[in-house]
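Undergrad: After the structure tokens below, expect a handful of questions from me.
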Amino acid sequence: MSLYSLLFRCILTLSLHDLHLLLVLVLGWLILGLAGLLRPHRVGLVAAVLFPVGAVIALGVALLGGIALMAAHIPQVAVLPLGLPDLPFHVRLDALSGFFLLLLGVAGAGISIFAAGYFRSGEGTAPGLHCLQYHTFLASMALVVLADDAYFFMVAWETMALSSYFLVTSQHRIPEIRRAGFLYLLIAHVGALCILLSFGVLQGGSWQFTFDSMRSARLTPFWASTAFLLALVGFGAKAGLVPLHVWLPEAHPAAPSPVSAMMSGLMLKTAVYGVLRITFDLLHIRYWWWGVLVLIVGLFSGLFGAIFAAVQTDMKRLLAYSSIENIGLIFAGIGLAILFEAFNLRLFAALALTAALIHSLNHSLFKSLLFLATGSVLHATNHRSLGKLGGLIRRMPWVATLALIGTLAIAGLPPLNGFISEWLLLQSFLFTPQIPHAFLNMVVPLGAAALVLIAALAAYVMVKFYGIIFLGQPREASLAEAHDPGWLERLGLAWLALGCVLIGVLPKIALRAAGSVTGALLGQAVNVSTPFWWIAPIAPAQASYSGLVLVGGIVVVVGITYVLVRVLAHGRVRRTVPWDCGYPWQTSRMQDTAEGFGQPILHMFGPFFRIERDTPSPSDCSPHYRIHIEDRLWRAIYQPIEIAVQHLSNAIGTLQGGRLATYLLYSFLTLIGLLVFVLWA
Amino acid sequence: MGVISLVRQFSVVLLAVALAPLFAGWIAQCRAWLQSRSAPPLVQPYRMLRKLFNKDVALAKDASPLFRATPYILFGTMVLAAAIIPSIATDLPFARVADAIALIGIFATARVFLSLAAMDIGTAFGTMGARRDMMVGFLAEPALLMVLFNAFLLSGSTALPSLVEAYSAHPLSMNPSLTFAAVAFVMVLLAENSRIPIDNPTTHLELTMIHEAMVLEYSARHLALVEWASDLKLFNYACIGFALFIPWGIATHGADGGLALLLAVAVLIVKLLLAGAALALVEALSAKLRIFRAPEYLAMAFLLAVLGLLVHILLGA
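Encoded structure:
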């Protein structure tokens, strides 16, 4: 009771300020996490109370984020009485952070509800500890978005990296998972170092690390570009941009499914947030070649992700590569926005940025949905390999139906949400010939073709994903016992699917939300003066789209057709064995496999891969076909670094002879050296 | 949006649904003549549909609801696409629902549904067809987008009605960039509609099939709807081509009285007759490519469209 009244008074004294309410909610997450430690081995408390309450808090965060997008009284700032004596924590709520809080809350609510039904006690981390790590992860992501000084940002950023590291390695008895976790932690820290250095450059000699002073710093072109490039590398490592992506396909599949969903759906977006914050808010100027660089990196990551996703045989790895692809698309949008903005084409910059923002939101919905669906499949079947699944649409109709929505959405098909952002991105590409630069206006339009190739490849990948898991015949006998998950998990999936449908059918909601962000960052928003059921981002005569009418039209036509067919023709159905060109002895083993589905891609994009094939000889009595596909970049970039570090450590290791006298000599020599240096100076 | 425009919209849809099988029949007829065979009658596709609607459905025993719903969804998407494309008039209530890029998206939705349905039964041919069709799809879409990019550069719009109105304003001026784009479009059209040289609609050899392999498990009314939808798809593509490259005769905004509409229908039929004959000629003169030659073919289409783009930007024409 006293806690409640304390909280109540706390809210009253804070005069219901949005920002303060948000901080209370974030604190709520942390308290929930700690409450998990009360009875760490009992799954009941965690599942029945803590995770659902966490989902409600997430909804609150989403609501406040949404209010921040609409409200006039932003930005709001506050200084927390935490941190170091001279470095208090600053927080700030503005349109950009509001948008990402909305994203975090909406997707986080679905994931938390799902997680309530998902986590079981068993191998690995105890449920209570999971609860702590999970909610710390959520809270730190919210704080990253709210932070208003470099110090607090880095604290939140590192908390995010560490809590997610522990979540990834929750099955820490498996060596591959420990390895994946280590790789993730390593690259996360390389990235964090770059971000730290970027902030160091951004303060511009004022030695004030609040974002406000960075906004007013006037950097020279060289230092501005340095800050930008450091930020791009730092945040790119977190986002999984090629060539800093290697941790992503290892770490995402290693984590439990709700954690994969959070990392892929939410954590990657904090990197997008970071790039946007530094590029469009903290830096006072943007150069066109930054945009070209980001565009190239984004499109290459997109293509790379899509191609690698197509040849995967593990369903979670496939989704992880697909995340690289989607992040690539988001960065392509950001690059285009920088490019347009540098040439002062603000409306088109707003269009491209809107596309990037909405794609971030969309990706957080459909990627979480699909990762969670793989979690349900994993629990129901104990298989992750596509080669052992199949036919689950008959055993798990709920998951199959909701996953179908996610599949169509991620494939960028109308009338779902993935299409909206890809359409907006294409629309902004159409204006690239207007760039007043004689070379760019010819080359950049080709990016549109790359974009369409990526989107169409994504559709290919998702047909493979859905078709092999849910359609066809079960490839293992044990799949006959698979069944749908409990109602909490279904609710989580349904919530995310609802989001996908809603944004797809009424895209104007998302357009408005992104419009307030572009309004704050660029001083320009796309056209939203259409009625609620259709959008025309530039002008109705230029291009328009209406998801609602599209869905309505298809439903009406399908309905009329169905009735007509039923009235005019008979409805007789005879159930028989499949025809398959008259071949009666087919088994489920004769279906196309995941490898088979990847084969055209392997054939066409061969130079991307390092392929090892073991082809059996004709005389082999028990033939086995084995193929191993590797990322060329691993050998090209990471292995040389690894070898160099090994050599360097060995060289340094020779200093460590283990004799006390030698060590004393080192100290003595250092002291002499320092004395000489001091006297010299 | 008055009653008249609704009537106009409705008649456009009915016209498309009615003409699509005839268009397919006309191409088949021309092809037969060119190959010195005796041609099937023009209404052969209709007879086929009637036969199929009267048959019993032989449904594989563990076909899922997705498999049964797909023919209706295919038909629905294609009819809706026909409602959006300005085949005879630009002032349609549905015209603003989707621009040309969104239309590609609608076609892609239909393709994905058909591919998923093909994988549903779990037969070897179905999955193979699905994989190949999706492959042709991702190769064709970039080329198609570049074609639309050309059109956009000339008119500043990707909405088909605006495109038609912009071209109709200065008739009979052929842009060099559009010429390249038109060739690219025809190549894409052949690929997307499973015709020679990418696929053979009359093949009997399962291993070379793409579209046919996907619909092997469909029968009776389901097959009828799938076939009707694919006829509609070809018809829609042809109408997009007319709107992009030869828009003359389409009743534009303000000039769409009854007489103008009748004239537009007549012009459309003439265009379809010519286009069908031309398609049949192209198909009769070329051989089906190996499936792994498809990337080269579609890359060619892509390069042509890019060439058109560069011609436009460099020459301003």
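Residue numbers (the numbering used here), protein chains in the order written: chain A, 16 to 696; chain B, 1457 to 1773.
Cβ atoms here follow ideal geometry from the backbone N, Cα and C, with glycine treated the same way.
(1) Distance cutoff 8 Å, beta carbons only. Does D33/A sit that close to anything in chain B?
(2) Taking 8 Å as the threshold (beta carbon to beta carbon), is Y1693/B in contact with chain A?
(3) Within 10 angstroms of its Cβ, does A1743/B collect 16 or more other Cβ (buried), or is it exposed?
(4) Where does Y560/A sit, in a helix, a strand or coil, going by DSSP?
(5) Quick one: which chain B residues come within Cβ less than 7 Å of S559/A?
(6) H639/A to V541/A, Cα distance in whole Å?
(7) Counting along the chain, where does the beta strand (DSSP E) carrying F624/A start and finish?
(8) Using DSSP with H/G/I as helix, E/B as strand and the rest coil, what is P638/A?
(9) Cβ of P1542/B within 8 Å of Cβ of I1706/B?
(10) Start and end of the beta strand (DSSP E) containing P96/A?
(11) Using only alpha-carbon positions, find the residue among N359/A, D635/A, F620/A that is nearest to H452/A.
(12) Please indicate yes or no: does the CB of A176/A lie closer than 7 Å to some heavy atom of the ligand NAD?
(13) Between L354/A, K331/A, A325/A, which lies nearest to T294/A when the distance is taken from Cα to Cα?
(14) If you check the beta carbons only, do P1496/B and Y1674/B fall under 8 Å apart?
(15) May I have the straight-line CA-CA distance separating V1469/B from A1539/B, to the nearest angstrom?
(16) Less than 8 Å between the C-beta atoms of S1611/B and T1708/B, yes or no?
(17) Within 10 angstroms of the Cβ of L428/A, are there 16 or more other Cβ atoms? Answer buried if so, exposed if not.
(18) Bridge partners for L108/A per DSSP, in chain order?
(19) Name the chain B residues that come within less than 7 Å of M619/A, Cβ to Cβ?
(20) From L1741/B to L1719/B, what does the alpha carbon distance come to, in whole angstroms?
(21) Rounded to whole angstroms, what is the Cα-Cα separation between A1596/B and A1607/B?
(22) Would you tell me roughly how many angstroms separate the C-alpha atoms of G402/A and T608/A, rounded to the nearest one?
(23) Beta strand (DSSP E) containing R1644/B: first to last residue?
(24) Which of the three DSSP states, helix, strand or coil, is assigned to T1658/B?
(25) Put L1735/B into one of helix, strand or coil per three-state DSSP.
(26) Residue ranges of each alpha helix (DSSP H) run of no fewer than 4 residues wholly in the stretch 290 to 372 of chain A, ordered along the chain?
(27) Where are the alpha helix (DSSP H) runs, 4 residues long or more, that stay fully inside the stretch 1472 to 1538 of chain B, in chain order?
(28) By the DSSP assignment, the beta strand (DSSP E) with T591/A in it spans what residues?
(29) Per DSSP, what kind of secondary structure is T235/A in: helix, strand or coil?
(30) Excluding five sequence neighbours on each side, which residues of the same chain lie with their C-beta closer than 8 Å to the C-beta of M16/A?
(31) Are the beta-carbon atoms belonging to A1731/B and A1599/B less than 8 Å from one another?
(32) Which runs of the alpha helix (DSSP H) fall wholly inside the stretch 500 to 533 of chain A and span at least 4 residues, in chain order?
(33) From L466/A to L344/A, what distance separates their C-alpha atoms?
(34) Consider the Cβ of I72/A: report whether some Cβ of chain B lies at a distance smaller than 8 Å.
(35) Who are the Cβ neighbours of F1605/B in its own chain at under 8 Å, not counting the five residues just before and after it?
(36) Would the stretch 121 to 132 of chain A and the stretch 380 to 392 of chain A be scored as touching if the rule is three or more Cβ pairs under 8 Å?
TA: On the basis of the supplied data:
(1) As a first step, residue 33/A is located in the first sequence; it is residue number 18 there, counting from the start. Judged by the 8 Å Cβ criterion, D33/A is not in contact with chain B.
(2) Within the second sequence, the letter at position 237 stands for residue 1693/B. No - not a single Cβ of chain A is within 8 Å of the one on Y1693/B.
(3) Here residue 1743/B corresponds to residue number 287 of the second sequence, with the count starting at 1. Exposed: under 16 other Cβ atoms inside 10 Å.
(4) Stepping through the first sequence from its first residue, residue 560/A is reached at position 545. Correct three-state label for Y560/A: strand.
(5) Here residue 559/A is taken as the residue at index 544 of the first sequence, counted from 1. Within chain B, the residues near S559/A are R1552, D1555, A1615.
(6) Residue 639/A sits at position 624 when you count from the first residue of the first sequence. Residue 541/A sits at position 526 when you count from the first residue of the first sequence. Roughly 57 Å separates the two Cα atoms.
(7) Numbered from its first residue, the first sequence carries residue 624/A at position 609. F624/A -> beta strand (DSSP E) spans 624 to 629.
(8) On the first sequence, position 623 is the one that residue 638/A refers to. Here P638/A sits in coil by DSSP.
(9) Numbered from its first residue, the second sequence carries residue 1542/B at position 86. Numbered from its first residue, the second sequence carries residue 1706/B at position 250. Taking 8 Å as the Cβ cut-off, P1542/B and I1706/B qualify as a contacting pair.
(10) The residue labelled residue 96/A in the question sits at position 81 within the first sequence. That run of the beta strand (DSSP E) goes 91 to 99.
(11) Reading the first sequence from its first residue, position 437 is the one you call residue 452/A. That would be N359/A, whose Cα lies nearest to the Cα of H452/A.
(12) The ligand NAD is not part of the structure shown, which contains no ligands of any sort.
(13) By 1-based counting over the first sequence, the position of residue 294/A is 279. The shortest C-alpha separation from T294/A is found at L354/A.
(14) Looking up residue 1496/B in the second sequence gives position 40. Looking up residue 1674/B in the second sequence gives position 218. Cβ distance not < 8 Å, so P1496/B and Y1674/B don't count as in contact.
(15) As a working mapping, residue 1469/B is identified with position 13 in the second sequence. As a working mapping, residue 1539/B is identified with position 83 in the second sequence. The straight-line gap from Cα to Cα measures roughly 5 Å.
(16) Numbered from 1 along the second sequence, position 155 holds the residue referred to as residue 1611/B. Numbered from 1 along the second sequence, position 252 holds the residue referred to as residue 1708/B. For S1611/B and T1708/B, no; Cβs fall outside 8 Å.
(17) For the purposes of this step, residue 428/A is taken as the residue at position 413 of the first sequence. Buried, because 16 or more other Cβ atoms sit within 10 Å of the Cβ of L428/A.
(18) Looking up residue 108/A in the first sequence gives position 93. Answer is Q91/A.
(19) Position 604 of the first sequence, counting from 1, holds the residue named residue 619/A. What M619/A touches in chain B: P1751.
(20) In the second sequence, residue 1741/B corresponds to position 285, counting from 1. In the second sequence, residue 1719/B corresponds to position 263, counting from 1. Rounded to whole angstroms, L1741/B to L1719/B spans 33 Å at the Cα level.
(21) Walking along the second sequence from the start, residue 1596/B turns up at place 140. Walking along the second sequence from the start, residue 1607/B turns up at place 151. Cα-Cα distance, rounded: 17 Å.
(22) As a working mapping, residue 402/A is identified with position 387 in the first sequence. As a working mapping, residue 608/A is identified with position 593 in the first sequence. Cα to Cα, G402/A sits roughly 6 Å from T608/A.
(23) As a position in the second sequence, residue 1644/B is number 188, starting the count at 1. Checking the displayed sequence, the identity of residue 1644/B turns out to be Val instead of Arg. Looking at the DSSP string, V1644/B is not in any beta strand (DSSP E); the run it does join, the alpha helix (DSSP H), is 1632 to 1648.
(24) As a first step, residue 1658/B must be located in the second sequence, where it is residue number 202. Of the three classes helix, strand and coil, the one that applies to T1658/B here is coil, per DSSP.
(25) As a first step, residue 1735/B is located in the second sequence; it is residue number 279 there, counting from the start. Here L1735/B sits in helix by DSSP.
(26) 303 to 325, 330 to 357
(27) 1500 to 1510
(28) Residue numbering aside, residue 591/A sits at position 576 when the first sequence is read from its first letter. Taken as a continuous stretch (DSSP letters only), the beta strand (DSSP E) holding T591/A covers 588 to 591.
(29) Taking the first sequence and counting its residues from 1, the one referred to as residue 235/A is at position 220. Coil, per DSSP.
(30) Taking the first residue of the first sequence as position 1, residue 16/A is located at position 1. Legend: pLDDT at M16/A = 42, less than 50; position of this residue unreliable, no value from coordinates given.
(31) Locating residue 1731/B in the second sequence gives position 275, where the first residue counts as 1. Locating residue 1599/B in the second sequence gives position 143, where the first residue counts as 1. Not a contact, by the Cβ cut-off of 8 Å.
(32) 502 to 520
(33) For the purposes of this step, residue 466/A is identified with residue 451 of the first sequence, where counting begins at 1. For the purposes of this step, residue 344/A is identified with residue 329 of the first sequence, where counting begins at 1. Straight-line Cα distance between these residues: approximately 7 Å.
(34) Within the first sequence, numbered from 1, the residue matching residue 72/A stands at position 57. No, I72/A lies away from the interface with chain B (no Cβ there is under 8 Å from its Cβ).
(35) If you number the second sequence from 1, residue 1605/B lands on position 149. Cβ neighbours of F1605/B beyond the five flanking positions: A1761, L1765.
(36) yes
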